[in-house]
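**Student:** To start, I am sharing the structure in question, which I have written as structure tokens.
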Amino acid sequence: MSNVICFDIGGTFIKYGVINQDGSLCFKDKTPTPKKDIQQILPMIIMEKLDALQREWSISAISISSCGLVDREAGIVLYSNNIPGYTGMNFKEALSPLTNLPIFVENDVKCGCMGEMWKGALQGKKDAVFLTLGTGIGGTILVNGKILNGSSNLAGELGHTVIVNNGRSCSCGRKGCFERYASTSALVQDYIREMRRRGFPVNSISGEEIVQLVYKQEPGALKVYLKFVHYLSQGLANIIHLLNPESIIIGGGIAEQNEQLIQDVNKEIEKEAMSMYLNNNIISSAVLGNQAGLFGACYNALVRLNVQVNSTT
Ligand SMILES: [Zn+2]
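Written out as structure tokens, the structure is:
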């Protein structure tokens with residue numbers, strides 16, 4: 000039995016765990032992401048957890064799911080704006096002198112997609128798209144059962160396709176990007192703006208809380224939600240026309256366990272996309288929640304090690 004120690008590096012927490020080739024999560028925990036000196040401290044954290052967990056399990060590989068743009072071959076984080084000082088983190092260079100285990104690094108959205116392919120909503124799907132709604136919109140494209148990497152491993156930045164001509168400025172330098180209108184952050188900012196306009200200022204609120212207000216028919220929340228659903232459907236219809244997927248899976252806190260949003264988007268998409276592209280409920284939600292990254296990291300390592308991957312559970 001092959002066991003992989005997996006790390007999911009995010010802006011707030013590092014989630015980690017041991018997963019075996021049958022897809023069983025043997026152990027999981029999390030630790031806060033260091034706020035400074037990340038490039039020095041992170042390899043120490045990884046080695047400390049490895050030493051402790053190796054006493055209980057025989058570990059065959061270290062696999063890392065990381066936020067930001069990742070060079071999967073070199074094991075380097077090319078760019079990240081989530082964690083100060085993280086850009087340039089070279090996992091292979093930092094960890095190779097400390098361990099003989101093989102080390103794999105992949106972007107967290109791609110790991111999320113692989114997790115859903117192995118154990119979640121993308122099982123058995125060949126042509127599909129995995130989107131995560133959060134601060135931005137992350138995307139991974141599945142073509143004929145394989146993740147599309149592109150010529151320099153950067154394919155799938157669906158959040159940076161323009162849906163509003165000359166619209167809101169985006170961190171990528173363009174104006175009117177999909178993620179500036181249909182990410183969870185966009186919904187939150189639109190709600191805060193709307194409530195200020197209505198004379199009921201709100202300082203902070205989560206996307207999930209806004210959705211709860213929509214269920215209660217709160218007029219401000221309802222107004223921004225309907226616009227959000229429209230923008231989301233517009234961007235999804237572009238993806239559907241471009242790629243003709245059998246399914247688009249949406250992850251991120253706001254989309255998971257939110258049947259209403261998924262239903263509303265499926266309905267709105269009927270107005271946006273040509274009917275021959277649509278099957279019954281082409282949009283559905285991811286199911287693994289915040290564990291998708293860990294499962295995907297394990298899957299990535301097993302596939303690259305040519306280990307038989309089972310999905311009995
Ligand atoms: Zn952009």
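Numbering (numbering that gives the first Met the number 0), first residue to last: 0 to 312. Virtual Cβ for every residue (Gly too), placed ideally from N, Cα, C. These numbers come from a predicted model, not from an experiment.
(1) Should W117 and F294 be called a contact, given that it needs their Cβ atoms to be closer than 8 Å?
(2) Would you report the Cα separation of T160 and C176, rounded to the nearest angstrom?
(3) DSSP beta-bridge partners for Y78?
(4) Let me check one thing: in DSSP terms, what residues is G138 bridge-paired to?
(5) How big is the Cα-Cα spacing for Y298 and N165?
(6) Between which residues of its own chain and C171 is the CB-CB distance below 6 Å, once the five residues before and five after are set aside?
(7) So within the segment 215-294, which uninterrupted alpha helix (DSSP H) runs reach at least 4 residues, ignoring any that extend past its ends?
(8) Where does I40 sit, in a helix, a strand or coil, going by DSSP?
(9) Output the boundary residues of the beta strand (DSSP E) element that contains K313.
(10) Any idea what DSSP makes of V308, helix, strand or coil?
(11) Name, in chain order, the residues that DSSP records as bridge partners for I102.
(12) Quick check: is any heavy atom of ligand 1 less than 7 Å from the C-beta of R173?
(13) Y85 by DSSP, collapsed to three states: which one?
(14) At a cut of 8 Å, does the segment 124-135 reach the segment 182-194 through at least three beta carbon pairs?
**Tutor:** Short version:
(1) Taking the first residue of the sequence shown as 1, we reach residue 117 at position 118. Taking the first residue of the sequence shown as 1, we reach residue 294 at position 295. It is a contact, given that the beta carbons lie within the stated cut-off.
(2) In the sequence shown, counting from the first residue as 1, residue 160 sits at position 161. In the sequence shown, counting from the first residue as 1, residue 176 sits at position 177. Rounded to whole angstroms, T160 to C176 spans 5 Å at the Cα level.
(3) What you label residue 78 is simply residue 79 of the sequence shown in a count that begins at 1. The secondary-structure analysis by DSSP pairs Y78 across a beta bridge with L68.
(4) Residue numbering aside, residue 138 sits at position 139 when the sequence shown is read from its first letter. Beta-bridge analysis with DSSP links G138 to L130.
(5) Translated into the one-based positions of the sequence shown, residue 298 becomes position 299. Translated into the one-based positions of the sequence shown, residue 165 becomes position 166. Cα to Cα, Y298 sits roughly 41 Å from N165.
(6) Along the sequence shown, one-based indexing puts residue 171 at 172. H159, listed in sequence order.
(7) Whole alpha helix (DSSP H) segments, 4+ residues: 218-242 and 258-271.
(8) For this step, residue 40 is matched to residue 41 along the sequence shown. Three-state DSSP puts I40 in a helix.
(9) The structure shown has nothing for residue 313, since the chain only spans 0 to 312.
(10) Translated into the one-based positions of the sequence shown, residue 308 becomes position 309. Note: V308 maps to coil in three-state DSSP.
(11) Counting from 1 along the sequence shown, the entry for residue 102 is found at position 103. DSSP, once it has assigned bridges, lists I61 as partnering I102.
(12) By 1-based counting over the sequence shown, the position of residue 173 is 174. Yes, Cβ of R173 sits closer than 7 Å to a heavy atom of ligand 1.
(13) Taking the first residue of the sequence shown as position 1, residue 85 is located at position 86. Looking at Y85 - three-state DSSP - the assignment turns out to be coil, as it is neither helix nor strand.
(14) A contact between stretches requires three or more CB pairs, one per stretch, nearer than 8 Å, and the segment 124-135 meets this requirement with the segment 182-194.
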